[in-house]
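Residue numbers (my numbering), protein chains in the order written: chain A, 973 to 1088; chain B, 273 to 385. No residue lacks a Cβ here, since even glycine has one placed at the ideal position from N, Cα and C. First comes the structure, then the notes that go with it.
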């Protein structure tokens, strides 16, 4: 089974609107971390936001928030007030602290295009 | 504050050749991981180095090997290149005792002809 599933290959959003990128995960490790990274065409993976499995509140970082629904095993990224510079690939990732320690599992990504 | 730097940025090799990719971690980071990202896919974990030793390895054959130096920089070596080794190779670093977050470099794009 896939550890991370991103079902939206491509998304479009109007500038200044909000957009939600979906991510579901699969683990039985009680201790894990969930991450979102942005990858522009330059190739560098840029860290956006982190959510720990024991965190009670949803993580927020500026215009980014993570909608963490533990029972549903989902960790959707919400980008508010989209900007043209948000156009990029977005990857959801997970680290299983106890089971696999140092390895990060990535999804296949969602390509976001912001329309002026 | 320099982030993770990788070299070379692009390279072309032929089947059967060997390649060495290099990575300097972010200042203050002591753990280096390597990931392979094929076109249209997410990164896949190759291995991680800490204290100059390979600590964990993903599902990659022995043709993939690495090294970490005392200054924490790292090399990824791939022998007997196959067409399927064509990919973006990403180096990531973090502080072992610190936050979970990986800091990535811009990658080395390898094309095997």
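Against residue 331/B, what residues of chain A qualify as contacts under a CB-to-CB distance less than 7 Å, listed in chain order? Neighbours of residue 331/B on chain A: none; closest Cβ ~10 Å, over 7 Å.
Inter-stretch contact (C-beta, 8 Å, three-pair minimum) for the region 1070-1080 of chain A and the region 281-301 of chain B: no
Compute the Euclidean distance between the alpha carbons of residue 1043/A and residue 996/A, then round it to the nearest angstrom. 11 Å
What is the residue span of the beta strand (DSSP E) that residue 294/B lies within? 291-296
Which of the residues in the region 300-317 of chain B, read from start to end, lie with their CB under 9 Å from any CB of chain A? 303, 305, 307, 309, 312, 313, 314, 315, 316, 317
Kindly confirm or deny that the region 1034-1048 of chain A and the region 995-1013 of chain A touch, where touching means at least three C-beta pairs closer than 8 Å. yes
Alpha carbons only, please: which of 300/B, 306/B, 324/B is nearest the one belonging to residue 349/B? 306/B
N-terminal and C-terminal residue of the beta strand (DSSP E) that residue 1040/A is part of: 1036-1041
Hey, out of 1065/A, 1084/A, 1014/A, 1073/A, whose CA is closest to residue 314/B's CA? 1065/A
Taking the DSSP output, what are the residues bridged to residue 1072/A? Its beta-bridge partners do not exist; DSSP assigns none.
Do residue 275/B and residue 367/B have their beta-carbon atoms positioned less than 8 Å apart in this structure? no
Taking residue 328/B as the query, report the chain A residues whose CB atoms sit under 9 Å from its CB, ordered along the chain. 1072, 1073, 1074, 1075
Candidates 372/B, 319/B, 333/B: which alpha carbon is nearest residue 327/B's? 319/B
If you compare alpha carbons, which of 384/B, 303/B, 365/B, 358/B is closest to residue 324/B? 303/B
Along the beta strand (DSSP E) that carries residue 305/B, what are the first and last residues, could you check? 303-309
Please say whether residue 384/B and residue 362/B have beta carbons closer to each other than 8 Å? no
How would you call residue 344/B, buried or exposed, if buried means at least 16 neighbouring beta carbons within 10 angstroms? buried
Residue range of the beta strand (DSSP E) that includes residue 322/B: 316-322
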